[in-house]
Amino acid sequence: MSSRLFRRISGGLALVSLALCLAAPVAYFLRRISEGSYRKAFLLASIAWFVLATARALTPDDGPPPG
Amino acid sequence: MAERVARLTAAMDRLYEFDREPVALDKLQSGGKFAGLFAGEHVAATEFVIGAFFVLHGVGARDLLLGLLLGNLLAVLSWTFICAPIAVRTRLTLYWYLRKIAGPGVTLIYNVANAFLYCILAGAMISVSATAVGLVAGIRVPGLGAVWPTSLGWVLVTAALGAAFTAMAVLGFSKLSRFAEVASPWIFVVFIAGAVAMLPRLGVSPGLENLWAVARVKVWNGVAAAGQEKFGLAHVLFFAWFCNLAMHVGLSDMALFRYAKKWTYGLYSAFGMYPGHMLAWIASGIMVAAVGREMHPGLMAFEAAGIAGVAGVLLAGWTTANPTLYRAGLALQTITPNWPRWKITLIAGGATTVLACFPVFFLKLLDYVAIYGLVLMPIGAIVFAEHWIFPLLKIEQYQAEKRGWTFNGAALGVWLGTLGICAILPIHLYFRWLPGWVLALVAYTGLMAWKGER
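Going down the list, the protein sequences come from chains A and B.
Residue 12 is where the first sequence starts when you use the working numbering, and the numbers rise one by one after that.
Residue 50 is where the second sequence starts when you use the working numbering, and the numbers rise one by one after that.
Right under this line is the structure:
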């Protein structure tokens, strides 16, 4: 997998995890999940964000594909 | 003395040599970069304290919203109409432009004052992070009126955090700044998630029908906490405006905007102001109301988002204290010629750590922010006068540079005189900078015109 593709995938997944960080408290506010579930979901989504966003940041961008 | 000043200014010039020349046109940055930079820079640990303090100062809900909307708009306009145009026309940092106007001696004093103020700010950020660690370690956070350290545990936690932050700043800024870029969007999410999660505790129904009523009665209810001054619309408006006074009216963000293609890029500061200085402040207000109005950022974040919230406070403190320590070190390096960067960062970090042990700096953060902006504001007025007003009145510009003055006496006198007058103005601290800015502008223009006639 080229580093450019890896950056795209990890960046996209990082954004999804950040969206989950926001969705968890909204679901708790709407009484769809318990407080414990919200905290657990928020923590896991946060860890995912840091792993994926750091991976994206550390991967060098090898520029646009030739052609 | 003159020789010592000359030696120091020569060392200072070497330090800033890399940005001595105006920015080349091919180095200009896109608007998106400015939006990202502002968005990342203005969600700091201090946001946990500032928004919460508005609640404790008894701000009403309508005053808060209106004050933040207008105050942040004025801040954005200050960047757009005061800071960015001068930066785009000169393509210089404030350091080099001030040197032409006020001479290297005044620039040296400015740098040292800036370094000291940075250390206090970084200290406040460490204190905020200490509330998170203190919560885990079971250490009581100092009460609202505390000035001195209240327990050995508090001193140990702040000292340990200060040492850790300093060590990381010494070990390498560039890698850490990349981590800060990763952390900053998440820190903003911690604020928003925390506030949303606290709404049920405050009694907001899932349909949001009673949101405004809860905001008015349970959060921004207009009742100040014991010992806290009552704030109104004007306080909030002015605070939001002057919160970054040193950067916009004080012109230190010339360093940033010299890379802008157009002066209108100042408008991109809205990407920092409205999420960071509006939404994050509102969020921390909700969180403090939900924990019984206790000024305890660690507790607020823990109750709102669990252990991730505690990590959020810790990270917010670290990622913002780190560049602040770096800037303090850079500014201080001007008076310690030949010292390596690590050594001066260590000294700045040590001083910051000592300051962080004193809870007064984070518990009086709002007043400190006002003083910080006030102290550096007259320099912005002096530069503004020299840049825009002098050509209109046919007063000779850049006399310090042309005549080789180490100190432009008029600039130094106006700076100190303005601060002296601001100190005794019979109005609230938050409102003093505005008449002070006008006074500095008029006094400097008048003095230099008079000097020219002689």
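Backbone N, C-alpha and C define an ideal beta-carbon position, used for all residues, glycine too.
Because the structure is a prediction, the values reported are computed rather than measured.
Where B/Asn121 sits in the DSSP three-state scheme:
For this step, residue 121 of chain B is matched to residue 72 along the second sequence. Correct three-state label for B/Asn121: helix.
Is the Cβ of A/Ser57 closer than 7 Å to any Cβ of chain B?
Taking the first sequence and counting its residues from 1, the one referred to as residue 57 of chain A is at position 46. At least one chain B Cβ lies under 7 Å of A/Ser57.
Output yes if chain A places a C-beta closer than 7 Å to the C-beta of B/Arg481; else output no.
What you label residue 481 of chain B is simply residue 432 of the second sequence in a count that begins at 1. False, the Cβ-Cβ gap to chain A never drops below 7 Å.
To the nearest angstrom, how far is it from the Cα of B/Ser200 to the Cα of B/Val206?
Along the second sequence, read from residue 1 onward, the residue named residue 200 of chain B stands at position 151. Along the second sequence, read from residue 1 onward, the residue named residue 206 of chain B stands at position 157. Roughly 10 Å separates the two Cα atoms.
Would you identify the three-state DSSP class for B/Gly8, choosing helix, strand or coil?
With chain B covering 50 to 503 only, the question about residue 8 of chain B has no answer from this structure.
By the DSSP assignment, the alpha helix (DSSP H) with B/Gly355 in it spans what residues?
Taking the first residue of the second sequence as position 1, residue 355 of chain B is located at position 306. Its alpha helix (DSSP H) spans residues Pro346 to Leu381.
Within the same chain, show all residues whose beta-carbon is closer than 6 Å to that of B/Met349, passing over the 5 residues directly before and after it, in chain order.
As a working mapping, residue 349 of chain B is identified with position 300 in the second sequence. Same-chain partners within the cutoff: Met336, Val337 and Val340.
Residue-chain proximity (B/Val231, chain A), Cβ-Cβ < 7 Å
The residue given as residue 231 of chain B occupies position 182 in the second sequence. Taking Cβ atoms only, chain A reaches closer than 7 Å to B/Val231, which makes this a yes.
Chain A contact for B/Ala354 (CB, 7 Å cutoff):
The residue given as residue 354 of chain B occupies position 305 in the second sequence. Output row for B/Ala354: interface = yes.
Where the stretch 174 to 203 of chain B meets chain A: residues whose CB sits under 9 Å from a CB there
none
B/Asn259 in three-state terms, based on DSSP:
Numbered from its first residue, the second sequence carries residue 259 of chain B at position 210. Coil at B/Asn259, not helix or strand.
Are any of the Cβ atoms in chain B nearer than 7 Å to that of A/Val62?
In the first sequence, the residue the question calls residue 62 of chain A occupies position 51. Closer than 7 Å: no.
With C-beta atoms as the reference, is B/Trp128 less than 7 Å away from B/Phe291?
Locating residue 128 of chain B in the second sequence gives position 79, counting from the first residue. Locating residue 291 of chain B in the second sequence gives position 242, counting from the first residue. No, Cβ-Cβ distance for B/Trp128 and B/Phe291 is not below 7 Å.
With 16 other Cβ atoms within 10 Å as the buried cut-off, status of B/Gly211
Here residue 211 of chain B refers to the residue found at position 162 when the second sequence is read from its first residue. So B/Gly211 counts as buried.
Helix, strand or coil at B/Gly109 [DSSP, three-state]:
For the purposes of this step, residue 109 of chain B is identified with residue 60 of the second sequence, where counting begins at 1. B/Gly109: strand per DSSP, three-state reduction.
Proximity test, Cβ basis, 7 Å: B/Trp235 and chain A:
Looking up residue 235 of chain B in the second sequence gives position 186. Output row for B/Trp235: interface = yes.
Tell me B/Asn270's beta-bridge partners as DSSP assigns them.
Locating residue 270 of chain B in the second sequence gives position 221, counting from the first residue. Its beta-bridge partners are B/Gly109.
Compile a chain-ordered list of the residues in the stretch 32 to 43 of chain A whose CB is closer than 8 Å to at least one CB of chain B.
Cys32, Leu33, Ala35, Pro36, Val37, Tyr39, Phe40, Leu41 and Arg42
Judging by CA-CA distance, which residue of B/Phe130, B/Val403 and B/Met174 is the nearest neighbour of B/Thr369?
As a first step, residue 369 of chain B must be located in the second sequence, where it is residue number 320. Comparing Cα-Cα distances from B/Thr369 to each of B/Phe130, B/Val403 and B/Met174, the minimum goes to B/Met174.
Between the C-alpha atoms of B/Phe83 and B/Ser233, what's the straight-line distance to the nearest angstrom?
Sequence index remark: in the second sequence, residue 83 of chain B carries index 34 (1-based). Sequence index remark: in the second sequence, residue 233 of chain B carries index 184 (1-based). Cα to Cα, the separation comes out at about 15 Å.
Report yes or no: do three or more beta-carbon pairs, one from the stretch 457 to 470 of chain B and one from the stretch 484 to 491 of chain B, lie closer than 8 Å?
yes
Does the beta-carbon of B/Gly81 have 16 or more other beta-carbons within 10 angstroms, so that it is buried, or is it exposed?
As a first step, residue 81 of chain B is located in the second sequence; it is residue number 32 there, counting from the start. B/Gly81 should be labelled exposed.
Let me check understanding here. Comparing Cα to Cα, which of B/Arg138, B/Thr215 and B/Asn163 lies closest to B/Arg390?
Along the second sequence, one-based indexing puts residue 390 of chain B at 341. Comparing Cα-Cα distances from B/Arg390 to each of B/Arg138, B/Thr215 and B/Asn163, the minimum goes to B/Thr215.
For a contact meaning CB atoms closer than 7 Å, what does B/Ala357 contact in chain A?
Your numbering for residue 357 of chain B matches position 308 in the second sequence. Going along chain A in sequence order, the residues near B/Ala357 (Cβ under 7 Å) are Phe53, Leu54 and Ser57.
Run through DSSP, which three-state label would A/Pro77 get?
The count along the first sequence starts at 1 and reaches residue 77 of chain A at position 66. A caution first: A/Pro77 carries a pLDDT of 44, below 50, which makes its placement in the model unreliable, though a value can still be read off. Correct three-state label for A/Pro77: coil.
Given this structure, state the Cα-to-Cα distance separating B/Gly366 from B/Leu248, to the nearest angstrom.
Within the second sequence, residue 366 of chain B is the residue found at index 317, counting from 1. Within the second sequence, residue 248 of chain B is the residue found at index 199, counting from 1. When rounded, the distance between both Cα atoms is 25 Å.
Can you pull the chain B neighbours of A/Thr70, defined as C-beta to C-beta under 7 Å?
In the first sequence, the residue the question calls residue 70 of chain A occupies position 59. Under the 7 Å cutoff, chain B gives no residues; its nearest Cβ is about 12 Å from A/Thr70.
Quick one: what's got a C-beta closer than 6 Å to A/Gly78's C-beta in the same chain, skipping five residues either side?
The residue labelled residue 78 of chain A in the question sits at position 67 within the first sequence. Low confidence applies here, because A/Gly78 scores a pLDDT of 40, under 50, leaving its location unreliable and the question unanswered by this model.
Can you name the start and end residues of the alpha helix (DSSP H) that B/Asn293 belongs to?
Translated into positions along the second sequence, residue 293 of chain B becomes position 244. Taken as a continuous stretch (DSSP letters only), B/Asn293 belongs to no alpha helix (DSSP H), as it is neither H nor E.
Any beta carbon of chain B sitting closer than 7 Å to that of A/Arg19?
If you number the first sequence from 1, residue 19 of chain A lands on position 8. By this cut-off, A/Arg19 is not an interface position.
Exposed or buried, what is A/Ala30 when buried is set at 16 or more other beta-carbons lying within 10 Å of its beta-carbon?
Looking up residue 30 of chain A in the first sequence gives position 19. Exposed, since its Cβ has fewer than 16 Cβ neighbours within 10 Å.
Residue environment, B/Ala245, which counts as buried when at least 16 other CB atoms sit within 10 Å:
As a working note, residue 245 of chain B is residue 196 in the second sequence. Just to set this straight, residue 245 of chain B is Val in the shown sequence, not Ala. Per the 10 Å Cβ criterion, buried.
Go ahead and pull the three-state DSSP assignment for B/Gln78.
If you number the second sequence from 1, residue 78 of chain B lands on position 29. Residue state, collapsed to three classes: strand.
Closest to B/Ala449 by C-alpha separation, out of B/Ile236, B/Phe102, B/Thr156 and B/Pro484, would be which residue?
Indexing the second sequence from 1 puts residue 449 of chain B at position 400. Residue B/Thr156 is the option with its Cα nearest to B/Ala449.
9 Å Cβ cut-off: residues of chain B touching A/Leu29:
Translated into the one-based positions of the first sequence, residue 29 of chain A becomes position 18. The answer, in chain order, is Pro234, Trp235 and Val238.
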